[in-house]
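In the UniProt record's numbering, the protein residues as written are 1 to 354.
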Amino acid sequence: MSSAIATPEADESSTPASSIRRWPTWVGLASCCRRPTAGPARATSRCASCSKRRCAAWHPSAASDPPSSRHWPTTASPTINSRRRSSPASSTEMHSRSRCRNPEAGSDVANLTCRAEKVDGGWIINGQKTWCSNAHFARSILLIARTSNTGKKHEGITQFHIPADTPGLVIKGIDTLGGREVNDLYFTDCRVPDSAVVGEVGNGWNQLMAGLNTERLILAAMQLGVAERSFGDTLAFITERKQFGRPIGSFQALRHRMADLATEIECTRQLVYSVAQLADDNPTKLLPREASMAKLKATETSKRMTIDAMQMMGGYGYATEFDAERLMRGAIISTVYGGTNEIQRDNIGKTFGL
């Protein structure tokens with residue numbers, strides 16, 4: 001992928017060029033993340049991780065289109081029509097999707113107030129969702145809504161596939177440090193047909209859980225790519241930049257720091273791909289410990305790498321002329337989305353009976 005595609009203008013507008021959004025299709029990411037219509041998935045997690053790593057190395061927006069982490073629960077659905085309708089793999093234009101949180105829910109994902117009421121021939125949806133990635137240029141939305149109050153709170157949840165231009169749906173951007181990449185969604189008497197249901201009514205929670213391994217792996221792979229890109233850019237800078245008649249990278253302080261960072265990145269790479277292989281070898285098994293470890297390690301490594309990159313580049317790292325500050329913004333937020341790193345640590349600890 002040419003760096004000319006990942007322009008500063010795309011970063012500033014918070015709407016990357018269509019060539020960036022189609023990049024996951026070009027490298028085979030969409031088909032990697034799609035289960036076949038029959039039979040078990042093979043090599044999907046490892047393939048998706050590799051592709052996401054390559055995408056994120058150039059532009060986080062290229063990797064944040066959700067044909068992997070957010071698309072997986074849809075393609076894992078037992079309903080063949082749902083898989084076909086929601087799959088972007090056969091199209092050269094990505095059908096971006098967003099899976100969002102309720103404003104008051106946070107990490108308590110099952111605490112849903114967005115409701116879908118059954119009516120003749122379809123459903124009426126009312127409520128609000130927030131922190132919806134890329135919804136401002138999405139062609140469709142993957143929504144989870146409560147369809148029943150009976151039973152436990154993890155029951156009575158259903159997934160819906162909703163075109164972004166559906167009457168009653170309003171999308172408003174949220175200003176953030178990284179631009180306007182996330183959005184609020186408002187549903188007011190939003191009517192969708194029965195065919196909008198993804199999978200089975202009331203089985204949305206199980207579908208979400210089925211995608212956890214891949215979601216956390218993809219997030220880990222994205223940040224591995226960001227860390228590698230940041231390392232490469234920093235290495236080039238400290239090799240070319242001279243002070244006191246020598247490259248600044250030849251000074252022990254920077255040389256040792258880069259050695260430590262290179263070691264951390266290699267450890268992260270081995271962890272991400274080993275967990276991806278484990279997920280492929282056990283496609284129906286949840287891996288709460290290993291997947292959380294991969295997400296935790298990769299995002300912390302990416303954050304450390306990008307912050308250190310800005311420090312080693314001095315004032316140039318702070319300038320928008322270079323990509324250091326953009327990569328840093330993307331790395332810091334990665335410790336929050338997809339389950340905060342505090343949640344990941346809690347998940348890991350619980351697997352040891354703590």
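We treat Cβ as the ideally placed atom computed from N, Cα and C, and that holds for glycine.
Pair within 8 Å by beta-carbon distance, residue i and residue j
| i | j | result |
| --- | --- | --- |
| A291 | I265 | no |
| A309 | A298 | no |
| T176 | V182 | yes |
| L224 | R269 | yes |
| R139 | N126 | no |
| C267 | L185 | no |
| G330 | G211 | no |
| F322 | M328 | no |
| N102 | K129 | yes |
| G122 | R229 | no |
| L278 | R345 | no |
| A294 | R216 | yes |
| A262 | F231 | yes |
Buried versus exposed call for residue i [16 or more other C-beta atoms within 10 Å across all chains shown]
| i | result |
| --- | --- |
| N282 | exposed |
| F352 | exposed |
| K350 | exposed |
| R146 | buried |
| S302 | buried |
| F244 | exposed |
| E300 | buried |
| A236 | exposed |
| G151 | exposed |
| residue 355 | An answer regarding residue 355 cannot be provided, because it is not within the stretch 1 to 354 covered by the chain. |
| L354 | exposed |
| G315 | exposed |
For residue i, the nearest candidate out of the options (CA to CA)
| i | options | result |
| --- | --- | --- |
| D260 | G127, M305 and F237 | M305 |
| P167 | F137, D189 and K297 | D189 |
| Y273 | L354, Q128 and A220 | A220 |
| M258 | L217, I238 and G173 | I238 |
| R255 | L271, N111 and T234 | T234 |
| G204 | G156, I124 and G232 | G156 |
| Q207 | T340, T158 and A276 | T158 |
| D120 | P193, R326 and V336 | P193 |
| V197 | I124, E300 and I174 | I124 |
| M209 | T284, T335 and M222 | T284 |
Backbone CA spacing between residue i and residue j [nearest angstrom]
| i | j | result |
| --- | --- | --- |
| L286 | N213 | 6 Å |
| Y343 | R246 | The identity of residue 343 in the sequence shown is Ile, whereas the question assumes Tyr. Approximately 45 Å, taken between the alpha carbons. |
| I141 | N111 | 19 Å |
| T79 | E200 | At T79, the pLDDT of 48 sits below 50, so the modelled position is not reliable; the number obtained from the coordinates is stated separately. Roughly 8 Å between the two C-alpha positions. |
| D108 | S250 | 49 Å |
| A135 | L271 | 31 Å |
| I348 | H161 | 32 Å |
| K242 | R180 | 37 Å |
| N341 | I332 | 11 Å |
| G338 | I144 | 16 Å |
| T113 | A319 | 43 Å |
| I174 | F137 | 14 Å |
| K118 | F187 | 15 Å |
| I248 | S334 | 30 Å |
| G202 | V275 | 30 Å |
| Q311 | D280 | 39 Å |
| E104 | I307 | 31 Å |
| E240 | I218 | 33 Å |
| residue 398 | K172 | What is shown of the chain runs 1 to 354, which leaves residue 398 out entirely. |
| D222 | K153 | The sequence given here has Met at residue 222, not Asp. Answer to the nearest angstrom: the Cα atoms are 32 Å apart. |
| S195 | G317 | 50 Å |
Residue i at chain B interface by Cβ criterion, 8 Å
| i | result |
| --- | --- |
| Q128 | The structure shown has no chain B; it contains just one protein chain. |
(request) Give, in chain order, every unbroken run of the alpha helix (DSSP H) that is at least 4 residues long and sits entirely within the region 182-267. (result) Counting only unbroken stretches of 4 or more residues, the alpha helix (DSSP H) elements lying wholly within the region 182-267 are 204-210 and 212-240, in sequence order.
(request) Please go through the region 294-322 and give each complete alpha helix (DSSP H) segment of 4 or more residues, from N-terminal end onward. (result) Segments of the alpha helix (DSSP H) lying fully in the region 294-322: 315-318.
(request) Please list the segments of the beta strand (DSSP E) lying wholly inside the region 116-166, counting only runs of 3 or more residues, in order along the chain. (result) When DSSP assignments are scanned along the region 116-166, the uninterrupted stretches of beta strand (DSSP E) that are 3 or more residues long and fall wholly within it turn out to be 122-133, 140-146 and 157-163.
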